[in-house]
Amino acid sequence: MNGPRSLNNEQSGQVEVCRWGSLRQFDFEIRDHVALGEACDGLNFLAAAKLSGPRFVNLSGPIARLSRALGQFVLNVQTEEHGYEEIHTPCLFKHQVWADAGQLARFEDDIFEASLKNGVDLFLTPSAELSLINMVACLALEGNQLPVKMVMLTPCFRSEAGGAGADTFVTVKQRQYDEVGLIQVVTQSDLGAVHKAVTSHVEYVMRLLGIPYRVMARRVNDLGIDAVHSYDLEVWIPSRGSYRAISCCLPNDFQPRRIQPRLVGPSHCHDTLAYAVSCSLAMNLLLFAVLENYQQADGSIRVPEVLRSYMSGDLTIKSCLIAHGLGTT
């Protein structure tokens with residue numbers, strides 16, 4: 009029987025707000041997502057290392073399709089059910105964009121830089137929120153334009169300088185990964201309610217997928233300089249017997265004060281600042297959570313019902329272990 013390990017909230021710097029879902033009880037030996045992905049011939053870390061070095065992964069076949077399905081599913085939920093506008097921006101940014109958003113100090117050890125022949129330096133984005141928050145830089149917004157709601161699926165890149173441990177190879181410390189970013193630009197008075205709403209929009213995705221999760225609030229001394237409050241959403245990872253952070257949702261005025269989106273109109277002073285709530289969702293970790301929570305005894309993966317229409321109606325992703333008679337029965 010596999011159950012959650014106890015979490016020392018004093019050490020983690022977090023307080024549990026809520027949790028959802030029943031933890032699945034497995035009657036066979038649990039495989040982690042690496043073994044499952046390799047058994048389905050869909051995850052290949054060595055092939056990626058030949059191309060780009062460590063901390064990358066190649067996706068292929070049904071696993072690559074499942075990853076694409078997850079991205080499309082999350083975008084469709086947020087645009088069709090929660091009213092976000094889909095955005096797609098470049099992955100390369102000028103130095104000024106980093107400076108304006110106040111992100112250089114946060115990511116300076118982790119960002120990838122691309123130097124062009126004309127001497128211009130561009131930086132690969134480490135987070136979808138950097139793109140989205142800069143969409144409203146220096147804009148004058150009428151009250152009837154709020155909330156501004158945007159969502160984007162984008163590749164992200166981080167060197168993860170100094171990263172070490174078991175997660176470096178397979179999960180958290182990948183140097184390239186897809187991320188869905190959500191952002192709402194609102195008035196200060198709406199900040200608290202919108203923070204809860206945006207968090208619930210990510211929770212809704214997990215509920216539709218049927219993946220157990222919990223929401224954790226960070227303690228004040230664990231917050232960065234750009235946050236006044238933060239919720240982390242953690243999904244259940246059966247092979248670890250614990251929850252793993254997959255999404256962070258935070259309200260702040262740190263970035264808006266730097267990029268200066270302003271509210272204009274009869275009900276606002278000329279210097280009224282717009283506020284922002286941003287949220288990120290790591291799609292590689294979501295894929296790994298789906299693989300582990302939907303694994304079967306023979307090594308195959310049951311496709312979540314809400315993703316089957318994106319997978320041509322397929323019910324399962326077959327494992328190579330079956331063909332070789334190695335699946336557990």
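Just so we're aligned: 15 in this note's numbering is position 7 of the sequence shown, and the numbers increase by one with no gaps anywhere.
Glycine is no exception: its CB is placed at the ideal position from the N, C-alpha and C atoms.
Are the beta-carbon atoms belonging to Asp-118 and Pro-98 less than 8 Å from one another? Judged by beta-carbon spacing, Pro-98 lies beyond the 8 Å limit of Asp-118, meaning their Cβ atoms are not closer than that value.
Local Cβ density within 10 Å of Pro-155, reported as buried at 16 or more and exposed below that: Under a 10 Å Cβ-count criterion, Pro-155 is classified as buried, with 16 or more other Cβ atoms of the shown protein chains found around its own Cβ.
Three-state class that DSSP yields for Tyr-318 in the structure shown: The three-state reading of DSSP puts Tyr-318 in helix, counting H, G and I together.
Are any of the Cβ atoms in chain C nearer than 8 Å to that of Glu-300? Of the protein chains in this structure there is only one, and it is not chain C.
Please state the DSSP three-state secondary structure of Thr-207. Of the three classes helix, strand and coil, the one that applies to Thr-207 here is helix, per DSSP.
When DSSP labels each residue in this structure, what does Asn-52 get in the three-state scheme? In the structure shown, Asn-52 sits in a strand (DSSP, three-state: E or B).
Along the chain, where does the beta strand (DSSP E) containing Ser-139 start, and where does it finish? No beta strand (DSSP E) holds Ser-139; the alpha helix (DSSP H) holding it covers 136-142.
Beta-carbon contacts of Arg-340 that lie in its chain and below 6 Å, excluding the five residues immediately before and after: In this structure the chain extends from 9 to 337, so residue 340 is not present and cannot be described.
Taking 8 Å as the threshold, find out whether the stretch 137-155 comes into contact with the stretch 41-51 through three or more Cβ pairs. These segments do not touch.
If I measure Cβ to Cβ from Phe-165 and keep anything under 8 Å in the same chain, skipping five residues before and after, which residues do I get? Cys-99, Ile-119, Phe-120, Leu-132, Thr-133, Pro-134, Arg-183 and Gln-184.
Just how far apart, CA to CA, sit Leu-294 and Thr-195? Per the coordinates, the alpha-carbon of Leu-294 lies some 31 Å from the alpha-carbon of Thr-195.
Is the beta carbon of Phe-53 within less than 7 Å of some heavy atom of the ligand NAP? No copy of the ligand NAP appears in this structure; indeed no ligand is present at all.
From Thr-337 to Ala-57, what distance separates their C-alpha atoms? Interpretation of Thr-337 is limited by its pLDDT of 42, a score under 50 that renders its predicted location unreliable; the figure taken from the coordinates is listed afterwards. Going from the Cα of Thr-337 to the Cα of Ala-57 covers about 34 Å.
Straight-line Cα distance separating Ile-191 from Ile-245: Between the alpha carbons of Ile-245 and Ile-191 lies a gap of roughly 27 Å.
Burial state of Ser-288 (16 or more Cβ within 10 Å): Buried, by the Cβ-count rule.
Assign Ala-282 to one of three DSSP states: helix, strand, or coil. Reduced to three states, the DSSP call for Ala-282 is coil.
Count the other C-beta atoms from every protein chain shown that fall within 10 angstroms of the C-beta of Gly-69, then say buried if there are 16 or more, exposed otherwise. Gly-69 should be labelled exposed.
According to DSSP, Glu-242 sits in a beta bridge with which residue or residues? DSSP output for Glu-242 lists Arg-222 and Ala-253 as bridge partner(s).
Gly-7: which of Ala-290, Val-159, Tyr-221 and Asp-240 sits nearest, CA to CA? Given that the chain is displayed from residue 9 to residue 337, the structure contains no residue 7 and the question cannot be resolved.
Span separating the alpha-carbon of Glu-242 from that of Leu-217: Cα to Cα, the separation comes out at about 14 Å.
For Val-8, the first and last residue of its enclosing beta strand (DSSP E): It is not possible to answer for residue 8, since the shown part of the chain is limited to 9 through 337.
Quick one, which of Ala-253, Leu-83 and Leu-315 has its alpha-carbon nearest Glu-93's? Residue Leu-83 is the option with its Cα nearest to Glu-93.
Delimiting residues of the alpha helix (DSSP H) encompassing Ala-148: Premise fails: Ala-148 lies in the beta strand (DSSP E), 148-150, not in any alpha helix (DSSP H).
In whole angstroms, what is the alpha-carbon distance linking Glu-46 and Lys-102? Computed Cα separation, rounded: 38 Å.
How big is the Cα-Cα spacing for Val-272 and Thr-280? Each residue's alpha carbon lies about 7 Å from the other.
So, Val-338 versus Val-144, is the Cβ gap smaller than 8 Å? This structure cannot speak to residue 338, because the chain is shown only from 9 to 337.
Determine which residues share a DSSP beta bridge with Met-160 and list them. Answer is Gly-189.
Measure the Cβ-Cβ separation of Ile-325 and Ala-297 and say whether it is below 8 Å. 8 Å or more divides the Cβ of Ile-325 from the Cβ of Ala-297.
Would you call the CB atoms of Glu-300 and Ser-247 closer than 8 Å? Yes, they are a contact pair.
According to the Cβ coordinates, are Ser-238 and Leu-140 closer than 8 Å? Their beta carbons are not under 8 Å apart, which means Ser-238 does not touch Leu-140 by this criterion.
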